[in-house]
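Enquirer: Protein chains in written order, with the numbering used here: chain A, 38 to 253; chain B, 38 to 253.
Glycine included, C-beta positions come from ideal geometry on N, C-alpha and C.
After the structure tokens below, expect a handful of questions from me.
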DNA sequence: AGCTAATGTTTTCCCTGTAAACATTGGGAG
DNA sequence: CTCCCAATGTTTACAGGGAAAACATTAGCT
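As structure tokens, this is what we get:
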């Protein structure tokens, strides 16, 4: 950490003769990320990754305690990305309710774009998320995005203020997480209706959030 | 299928001398189910199950195409159980909104009681759920429970009827699924508040469903 | 009694995760 | 400049697991 690593990136497995890869950790994460979306975490093999990185089969263990460690790092990366996207979706000048909706859509889109990663973030693979401090921290950050919006909404009176802010925030999160999961699993496509998929998703989000608004 | 199988259940791995187990499929499912909640689907091994059932290590392959097949069967079982519980929760004489809430609570309780199974039902392990007809069918059944309640509610005018029934039903499902998932992952415990866990969950459910009610 | 499909068994192969012990390197202290 | 150490990779080795193939046993119908 905190070292300048400028030694020939993308050396690939050819005979550069460098004993040290110089960038293994990140390379492994990138490769893992690619394969994750294709084959799921089960099929993901540290050995295969090492092979692909042109490195011995146990080298990865210098960077990750074990397979779970690698997966946890991937998940943490996912949370950070999710946070960035939901923040970016909120443009200046939006009303609070619209901010919430837009951030929610960004959240759902992230899940749809990286289904395996998203499932990893919540999935059974990461048994005890709280065991990995980096992961825990990243997760909290992404919750903070929602909480901030809710606080603004409650202060303004846009949202129903009979409930504690944390409860409202959890409700938002549940909603968005629920939609994301079902969407990933293709459940929206299963319902027998002629409403297009994305419309159904947006409608579900809107209908859910509507319960949070203050009654006039 | 459709055979009388009364030949000494619970023969255990002792020397009963019967070449044919007579009940292998169900025995494997039971054992798998037990281990699933302890160690997760990754650690679950067909060989270990076979050993425990007192049978050779490849015998399971006579009943399941592969490990995924076994897991899919488990998941299907889960859906059926979930359907039964959500139906049972609705007592006669309940108002529609209360039926929805009660069924939702039963759903969430099922998830909390069998976290690993629940995660399996939606998790990354079952890559393409729709690849297993039995699983697909079971899933549809459990959605039907929600849809039925929603239809009653719309007909009575209890629910907002500006939205199609399917959309409302999907919203319910998303809500309940979202809460269940987050609850399993202990996310309700993470929020910094002095509200007890179960109260927070019930509150979230109530707040979410409230958005579906018709505005007076 | 005898055939056939269903069910179990043995054997085998290759892959994976992971622990030890060893090799190589770059960078800082003297 | 030299020497040593900590970080990083390598080799080797072991204990499993999933799955295919060929073989054995049984139940039940004819």
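Using the Cα positions of residue 48 of chain B and residue 73 of chain B, report the straight-line distance between them to the nearest angstrom.
Expert: Per-residue confidence for residue 48 of chain B stands at a pLDDT of 35, beneath the threshold of 50, marking its modelled position as unreliable; the derived number appears in the next sentence. Using only the alpha carbons, I get a separation of about 23 Å.
Enquirer: Cα-Cα, which of A:188, A:70, A:61 is closest to residue 154 of chain A?
Expert: A:70
Enquirer: Are residue 188 of chain B and residue 202 of chain B close, meaning C-beta to C-beta below 7 Å?
Expert: yes
Enquirer: Taking the DSSP output, what are the residues bridged to residue 250 of chain B?
Expert: The beta-bridge partner set that DSSP reports for residue 250 of chain B consists of B:196.
Enquirer: Counting along the chain, where does the alpha helix (DSSP H) carrying residue 81 of chain A start and finish?
Expert: Taken as a continuous stretch (DSSP letters only), residue 81 of chain A belongs to no alpha helix (DSSP H), as it is neither H nor E.
Enquirer: For residue 222 of chain B, does the count of other Cβ atoms within 10 angstroms reach 16, so buried, or fall short, so exposed?
Expert: So residue 222 of chain B counts as buried.
Enquirer: Give the DSSP-derived three-state secondary structure of residue 85 of chain B in the structure shown.
Expert: helix
Enquirer: What does the Cβ neighbour count give for residue 251 of chain B, buried or exposed, with the cut at 16 atoms within 10 Å?
Expert: exposed
Enquirer: Is it buried or exposed, residue 120 of chain B, if we count other Cβ atoms within 10 angstroms and call 16 or more buried?
Expert: Residue 120 of chain B comes out buried.
Enquirer: Exposed or buried, residue 245 of chain A, counting other C-beta atoms within 10 Å across all chains shown (16 or more means buried)?
Expert: buried
Enquirer: So is residue 43 of chain B buried or exposed if we call it buried at 16+ other beta carbons inside 10 Å?
Expert: Any answer about residue 43 of chain B is weak, because its pLDDT of 31 lies below 50 and its placement is not dependable; what the coordinates show is given next. By the 10 Å Cβ count, residue 43 of chain B comes out exposed.
Enquirer: CA-CA distance, residue 126 of chain B and residue 64 of chain A?
Expert: 51 Å
Enquirer: Tell me whether the beta-carbon of residue 113 of chain A lies closer than 7 Å to the beta-carbon of residue 171 of chain A.
Expert: yes
Enquirer: Taking residue 218 of chain B as the reference, which of A:75, A:92, A:160 has the closest Cα?
Expert: It is A:160 whose Cα lies nearest to the Cα of residue 218 of chain B.
Enquirer: Drop a sphere of 10 angstroms on the beta-carbon of residue 46 of chain B, count the other beta-carbons inside from all chains shown, and report buried for 16 or more, exposed for fewer.
Expert: Any reading at residue 46 of chain B must be qualified, since the residue scores a pLDDT of 32, below 50, and its modelled position is unreliable; no value is offered.
Enquirer: Less than 7 Å between CB atoms is the rule here; does residue 186 of chain B satisfy it with respect to chain A?
Expert: no
Enquirer: Whose Cβ in chain B lies nearer than 7 Å to the Cβ of residue 228 of chain A?
Expert: Chain order gives the chain B residues near residue 228 of chain A as 203, 207, where near means a beta carbon separation below 7 Å.
Enquirer: Contact criterion: CB-CB distance below 7 Å. Does residue 69 of chain A meet it with respect to chain B?
Expert: no
Enquirer: Would you please state the rounded distance, in angstroms, between the beta carbons of residue 232 of chain A and residue 220 of chain A? I believe it to be under 8 Å.
Expert: Going by Cβ atoms, the distance from residue 232 of chain A to residue 220 of chain A rounds to 14 Å, so no, they are not a contact pair.
Enquirer: Taking residue 84 of chain A as the reference, give the member of A:163, A:67, A:94 with the closest Cα.
Expert: A:94
Enquirer: Any C-beta of chain A within less than 9 Å: which residues of the region 76-93 of chain B qualify?
Expert: 77, 78, 79
Enquirer: Any beta carbon from chain A within less than 7 Å of residue 115 of chain B's own beta carbon?
Expert: no
Enquirer: Keeping to the same chain, check which residues put their C-beta closer than 6 Å to that of residue 190 of chain A; ignore five residues upstream and five downstream.
Expert: 133, 196
Enquirer: Output yes or no for whether 7 Å exceeds the beta carbon distance between residue 179 of chain A and residue 98 of chain A.
Expert: No, they are not a contact pair.
Enquirer: Please decide whether residue 214 of chain B counts as near chain A, where near means a Cβ-Cβ distance under 7 Å.
Expert: yes
Enquirer: Spatial neighbours of residue 235 of chain A within its chain, please: C-beta separation below 7 Å, excluding the five flanking residues on both sides.
Expert: Cβ neighbours of residue 235 of chain A beyond the five flanking positions: none.
Enquirer: For the alpha helix (DSSP H) that contains residue 212 of chain B, what are its first and last residues?
Expert: 202-221
Enquirer: Please classify residue 41 of chain B as buried or exposed, where buried requires at least 16 neighbouring CB atoms within 10 angstroms.
Expert: Per-residue confidence for residue 41 of chain B stands at a pLDDT of 32, beneath the threshold of 50, marking its modelled position as unreliable; no derived number is given.
Enquirer: Give me the residue from B:211, B:193, B:124, B:158 with the minimum Cα distance to residue 242 of chain B.
Expert: Residue 242 of chain B has its Cα closest to that of B:211, out of B:211, B:193, B:124, B:158.
Enquirer: For the alpha helix (DSSP H) that contains residue 144 of chain B, what are its first and last residues?
Expert: 133-150
Enquirer: Roughly how many angstroms lie between the CA atoms of residue 100 of chain B and residue 79 of chain A, to the nearest whole one?
Expert: 22 Å
Enquirer: Kindly list the residues whose CB is nearer than 6 Å to the CB of residue 122 of chain B, restricted to its own chain and excluding five residues on each side of it in sequence; keep chain order.
Expert: 143, 147
Enquirer: For residue 209 of chain A and residue 215 of chain B, what's the separation of their Cα atoms in angstroms?
Expert: If you take the alpha carbons of residue 209 of chain A and residue 215 of chain B, they lie about 10 Å apart.
Enquirer: Determine the DSSP secondary structure at residue 120 of chain A, reduced to helix, strand or coil.
Expert: Of the three classes helix, strand and coil, the one that applies to residue 120 of chain A here is helix, per DSSP.
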